[in-house]
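Each protein sequence line maps, in turn, to chains A and B.
To convert a position in the first sequence, counted from 1, into this note's numbering, add 42.
To convert a position in the second sequence, counted from 1, into this note's numbering, add 18.
Glycine residues also receive a C-beta, built at the ideal position from the N, C-alpha and C atoms.
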Amino acid sequence: MKAPKGCGPAIHKAQRPQLGALYAAAAALVGTAAKGGVLPDDRADLLYHSYSGGGVTINGTSLLVRKKVGDHVSLVGNWYTDSVSGASIDVVTQASPYKEKRSQGSLGVDLLLGKATYSAGYINGSEPDFRSRTAYASVSEDLFGDLTTITFGASRGWDKIGERGAPDFKATADRRNWSVGLSQVLTRNLLASLAVETSESEGYLQNPYRQARYLSGDPRGYSYEKEAYPHTRTGNAFAARAKYYLRWRAALDGNYRYYRDTWGIVAHTAELGYTLPAFHRWVFDAHARYYRQKQASFYADLFPYQGSQNFLARDRELAAFKELGLGFGASWELRPRHRGLLQKATFNLRYDNLRFKYDDFRDLRVQGAAAGTEPLYTLKANVLQLYVSAWF
Amino acid sequence: MAPQPKPTLRSLLLLAPLAAGLLAGCSPIEPWVKPYEREHLADPIMSFERDPVSGAYLDHVHESREGARGATGNVGGGCGCN
Numbered sequence: 043m044k045a046p047k048g049c050g051p052a053i054h055k056a057q058r059p060q061l062g063a064l065y066a067a068a069a070a071l072v073g074t075a076a077k078g079g080v081l082p083d084d085r086a087d088l089l090y091h092s093y094s095g096g097g098v099t100i101n102g103t104s105l106l107v108r109k110k111v112g113d114h115v116s117l118v119g120n121w122y123t124d125s126v127s128g129a130s131i132d133v134v135t136q137a138s139p140y141k142e143k144r145s146q147g148s149l150g151v152d153l154l155l156g157k158a159t160y161s162a163g164y165i166n167g168s169e170p171d172f173r174s175r176t177a178y179a180s181v182s183e184d185l186f187g188d189l190t191t192i193t194f195g196a197s198r199g200w201d202k203i204g205e206r207g208a209p210d211f212k213a214t215a216d217r218r219n220w221s222v223g224l225s226q227v228l229t230r231n232l233l234a235s236l237a238v239e240t241s242e243s244e245g246y247l248q249n250p251y252r253q254a255r256y257l258s259g260d261p262r263g264y265s266y267e268k269e270a271y272p273h274t275r276t277g278n279a280f281a282a283r284a285k286y287y288l289r290w291r292a293a294l295d296g297n298y299r300y301y302r303d304t305w306g307i308v309a310h311t312a313e314l315g316y317t318l319p320a321f322h323r324w325v326f327d328a329h330a331r332y333y334r335q336k337q338a339s340f341y342a343d344l345f346p347y348q349g350s351q352n353f354l355a356r357d358r359e360l361a362a363f364k365e366l367g368l369g370f371g372a373s374w375e376l377r378p379r380h381r382g383l384l385q386k387a388t389f390n391l392r393y394d395n396l397r398f399k400y401d402d403f404r405d406l407r408v409q410g411a412a413a414g415t416e417p418l419y420t421l422k423a424n425v426l427q428l429y430v431s432a433w434f
Numbered sequence: 019m020a021p022q023p024k025p026t027l028r029s030l031l032l033l034a035p036l037a038a039g040l041l042a043g044c045s046p047i048e049p050w051v052k053p054y055e056r057e058h059l060a061d062p063i064m065s066f067e068r069d070p071v072s073g074a075y076l077d078h079v080h081e082s083r084e085g086a087r088g089a090t091g092n093v094g095g096g097c098g099c100n
């Protein structure tokens with residue numbers, strides 16, 4: 043998280059650490075790679091990633107190494123870093139530009155016994171004023187002639203939140219997740235999967251730097267007050283996915299997810315993808331993703347007066363918005379003539395363009411408009427990934 | 019009469035492993051896709067997680083900007099690829 047600088051009352055950081063999401067993704071990365079009665083391949087992946095949008099640039103690397111030990115054990119480790127710089131709309135309107143570095147390490151183990159794979163691991167992440175630890179475990183088993191794989195998972199996380207400029211401020215939050223997944227071979231060309239996940243969070247769940255705004259007698263028409271979030275949140279997600287093999291050696295996949303939580307957020311995610319190998323060593327991908335959500339029940343862009351509700355939020359993540367993402371990828375495979383340590387390698391590029399359109403989050407950078415009549419905020423972002431994968 | 023507690027999704031998830039074990043133990047289902055018919059399913063392009071490090075990063079990009087989370091499809095494939 044960033045150190046506030048400058049002066050005046052609005053020098054709070056407006057970029058809440060989003061490591062919770064990062065850790066969830068990492069848990070998926072290291073925790074569910076093993077599937078039922080087979081251990082994943084030995085491989086190493088080195089990724090450079092860059093996100094640029096809304097005045098913010100975030101780039102860094104991620105290294106994943108997975109190696110079998112004997113016939114029944116696979117170890118996996120991941121080291122992720124990123125560096126944040128720039129000034130998002132929240133920073134421009136409420137705080138000052140900043141830079142910060144974040145890192146996360148994780149270790150996991152998969153144990154294969156018969157048709158079942160048991161997985162467990164630990165993830166540790168840190169920012170200058172935010173720390174998170176997560177432990178997870180899961181079990182996957184192949185059933186019915188290996189046509190079905192069922193997976194049960196659970197994780198528990200502990201966050202510590204601080205605030206730059208407020209050394210006495212210390213807060214904590216606990217996270218718990220439970221998931222069930224079912225993957226099914228339907229035909230010789232069609233795979234499908236279902237996933238259900240419930241998540242519970244308890245503790246300090248807001249950003250100590252972000253603020254809500256309310257109508258006031260200030261010359262600009264509004265003032266700021268501290269946000270106030272509920273201390274508990276429970277969410278349920280349901281996802282269905284299918285992948286179909288086309289006769290000219292290509293794959294078509296579709297994915298839908300429904301999410302609902304006790305904060306009033308209801309979200310729909312739909313994805314469509316196409317994968318096409320070509321020219322012997324190339325694989326090309328195209329993806330489209332659409333997302334929309336309803337706002338949290340205690341969200342408002344502009345509250346009528348100070349302290350008008352017991353819970354107050356003006357975070358964009360809790361606003362109603364629509365998002366469209368389009369992505370393209372290309373991968374080139376290297377096949378060594380003499381396979382020694384290296385079995386094969388791929389060199390990969392992926393580019394995604396994201397567009398967000400908010401229904402009730404206004405662009406306060408526009409001067410001269412009456413409070414509550416500013417134009418609605420839109421965001422365009424470019425996401426670039428360059429990575430090398432090696433199988434050994 | 020005291021009200022009966024409603025089953026929650028969490029309690030159903032906890033009961034699911036028991037149900038799966040019972041199903042696995044007493045269901046002599048004949049595989050309708052034989053192992054020698056799974057060539058297409060074993061193709062790497064059919065993997066739900068062909069690039070795990072990239073997929074996890076994109077999950078992070080989305081989840082850090084959206085209110086929804088979870089069930090991102092990392093549940094694997096029941097493919098008889100082995």
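Against chain B, does residue i count as a neighbour if the rule is that its beta carbon must be under 8 Å from one of theirs?
{"i": "A/Ala70", "result": "For A/Ala70, the predicted model reports a pLDDT of 42, less than 50, meaning its position is unreliable; a value from the coordinates is still stated below. Interface residue, yes."}
{"i": "A/Gln409", "result": "no"}
{"i": "A/Val151", "result": "no"}
{"i": "A/Lys141", "result": "no"}
{"i": "A/His273", "result": "no"}
{"i": "A/Gly187", "result": "yes"}
{"i": "A/Ser426", "result": "Per the sequence presented here, residue 426 of chain A reads as Leu, with Ser not at that position. Chain B, which has no Cβ nearer than 8 Å to the Cβ of A/Leu426, makes this no."}
{"i": "A/Ala320", "result": "no"}
{"i": "A/Thr311", "result": "yes"}
{"i": "A/Leu89", "result": "yes"}
{"i": "A/Leu418", "result": "no"}
{"i": "A/Asn166", "result": "no"}
{"i": "A/Arg299", "result": "yes"}
{"i": "A/Ser197", "result": "no"}
{"i": "A/Val134", "result": "no"}
{"i": "A/Glu438", "result": "Residue 438 of chain A cannot be examined here, being either before or after the span of chain A that is shown, 43 to 434."}
{"i": "A/Gly233", "result": "Per the sequence shown, the amino acid found at residue 233 of chain A is Leu instead of Gly. With 8 Å as the cut-off, A/Leu233 counts as an interface residue toward chain B."}
{"i": "A/Ile307", "result": "yes"}
{"i": "A/Thr317", "result": "yes"}
{"i": "A/Arg230", "result": "yes"}
{"i": "A/Tyr429", "result": "yes"}
{"i": "A/Glu400", "result": "The sequence as given places Tyr at residue 400 of chain A; Glu does not occur at that position. Not one chain B Cβ lies under 8 Å of A/Tyr400."}
Are the C-beta atoms of residue i and some chain A residue less than 8 Å apart?
{"i": "B/Ala60", "result": "no"}
{"i": "B/Met19", "result": "With a pLDDT of only 45 at B/Met19, under the threshold of 50, the placement of this residue in the model should not be trusted; the figure read from the coordinates follows. Not one chain A Cβ lies under 8 Å of B/Met19."}
What does DSSP give as the partner residues of residue i in its beta bridges?
{"i": "A/His91", "result": "A/Gly102, A/Gln427"}
{"i": "A/Glu375", "result": "A/Thr388"}
{"i": "A/Gly223", "result": "A/Thr193, A/Ala237"}
{"i": "A/Gly414", "result": "In the DSSP output, where bridge partners are listed per residue, A/Gly414 has none listed."}
{"i": "A/Asn297", "result": "A/Arg283, A/Glu313"}
{"i": "A/Ser350", "result": "None, per the DSSP bridge assignment."}
{"i": "A/Trp121", "result": "A/Leu105, A/Gly147"}
{"i": "A/Leu155", "result": "A/Ala158"}
{"i": "A/Gln335", "result": "A/Ala309, A/Phe363"}
{"i": "A/Tyr419", "result": "Paired residue(s): none; A/Tyr419 is not in a bridge."}
{"i": "A/Ile434", "result": "Rather than Ile, the amino acid found at residue 434 of chain A in this sequence is Phe. According to DSSP, which records beta bridges pairwise, A/Phe434 is partnered with nothing at all."}
{"i": "A/Arg397", "result": "A/Leu366, A/Lys422"}
{"i": "A/Arg217", "result": "A/Gly199, A/Ser243"}
- Message: Quick check on the DSSP output: what are the complete beta strand (DSSP E) runs of length 3 or more inside the region 157–193 of chain A, in order along the chain?
- Response: Runs of the beta strand (DSSP E) inside the region 157–193 of chain A: 158–169, 172–185.
- Query: Using Cβ-Cβ distances below 9 Å, what residues of the region 366–395 of chain A are close to chain B?
  - Reply: Using a CB distance below 9 Å, the part of the region 366–395 of chain A facing chain B consists of Gly367, Gly369, Gly371, Ser373, Thr388, Asn390, Arg392, Asp394, ordered along the chain.
- Message: Does the contact criterion of 3 or more C-beta pairs under 8 Å hold for the region 74–89 of chain B versus the region 297–310 of chain A?
- Response: When Cβ pairs closer than 8 Å are counted between the two stretches, the region 74–89 of chain B is seen to touch the region 297–310 of chain A, the count reaching three or more.
- Query: Which parts of the region 53–86 of chain B are runs of the beta strand (DSSP E), unbroken and 3 residues or longer, counting only runs that do not cross its ends?
  - Reply: Runs found: none.
- Query: Within the chosen definition, does the region 318–333 of chain A reach the region 218–230 of chain A through at least 3 CB pairs nearer than 8 Å?
  - Reply: The region 318–333 of chain A vs the region 218–230 of chain A: no contact.
- Message: Quick check on the DSSP output: what are the complete beta strand (DSSP E) runs of length 3 or more inside the region 235–291 of chain A, in order along the chain?
- Response: Counting only runs of 3 or more, we get 253–257, 264–268, 274–288.
- Query: Just by C-beta distance, which residues in the region 239–266 of chain A are closer than 7 Å to chain B?
  - Reply: Listed by position, the residues of the region 239–266 of chain A near chain B (Cβ gap below 7 Å) are Glu239, Thr240, Ser241.
- Message: Residues of the region 335–355 of chain A in Cβ contact with chain B at a cutoff of 9 Å, in chain order, please.
- Response: Listed by position, the residues of the region 335–355 of chain A near chain B (Cβ gap below 9 Å) are Gln335, Lys336, Gln337, Ala338.
- Task: May I ask you to list, following chain order, the residues of the region 93–117 of chain A that have a beta carbon less than 7 Å from some beta carbon of chain B?
- Result: Of all residues in the region 93–117 of chain A, the ones placed with a Cβ closer than 7 Å to any Cβ belonging to chain B are Tyr93, Ser104, Leu106, in chain order.
- Message: Counting only Cβ-Cβ distances shorter than 9 Å, please list the residues of the region 168–185 of chain A near chain B, keeping chain order.
- Response: Taking 9 Å as the upper bound on Cβ-Cβ separation, chain B lies near residues Val181, Ser182, Glu183, Asp184, Leu185 of the region 168–185 of chain A.
- Message: Under 8 Å, with one C-beta from each stretch per pair, do the region 267–275 of chain A and the region 239–246 of chain A reach the 3-pair mark?
- Response: Under the three-pair Cβ rule at 8 Å, the region 267–275 of chain A counts as touching the region 239–246 of chain A.
- Task: Mind checking the region 199–225 of chain A against chain B and listing, in chain order, the residues whose C-beta falls within less than 8 Å of any C-beta there?
- Result: Answer set for the region 199–225 of chain A: Asn219, Trp220, Ser221, Val222, Gly223, Leu224, Ser225.
- Message: Any C-beta of chain B within less than 7 Å: which residues of the region 279–290 of chain A qualify?
- Response: So the list reads Ala279, Phe280, Ala281, Arg283, Lys285, Tyr287, given in the order they occur along the chain.
- Do the region 153–164 of chain A and the region 175–189 of chain A make contact, defined as three or more Cβ pairs closer than 8 Å? Result yes; three or more Cβ-Cβ pairs closer than 8 Å.
- Item | Cβ contact check for the region 384–393 of chain A and the region 407–415 of chain A: 3 or more pairs under 8 Å | These segments do not touch.
- Three or more C-beta pairs below 8 Å linking the region 260–270 of chain A and the region 198–209 of chain A: With the cut-off at 8 Å, the region 260–270 of chain A and the region 198–209 of chain A do not touch.
- Task: Would you check if the region 326–345 of chain A and the region 246–257 of chain A touch, i.e. whether three or more CB-CB distances between them fall below 8 Å?
- Result: Remark: three or more beta-carbon pairs, one from each stretch, lie closer than 8 Å, so the region 246–257 of chain A and the region 326–345 of chain A are flagged as touching.
- Do the region 353–365 of chain A and the region 327–340 of chain A meet, that is, are 3 or more Cβ pairs less than 8 Å apart? Segment contact: the region 353–365 of chain A against the region 327–340 of chain A, three or more CB-CB distances shorter than 8 Å; contact assigned.
- Any 3 or more C-beta pairs closer than 8 Å across the region 349–356 of chain A and the region 368–377 of chain A: Segments in contact, no.
- If you pair each beta-carbon of the region 95–109 of chain A with each one of the region 50–60 of chain B, do three or more pairs fall below 8 Å? With the rule of 3 Cβ pairs closer than 8 Å, the region 95–109 of chain A does not count as touching the region 50–60 of chain B.
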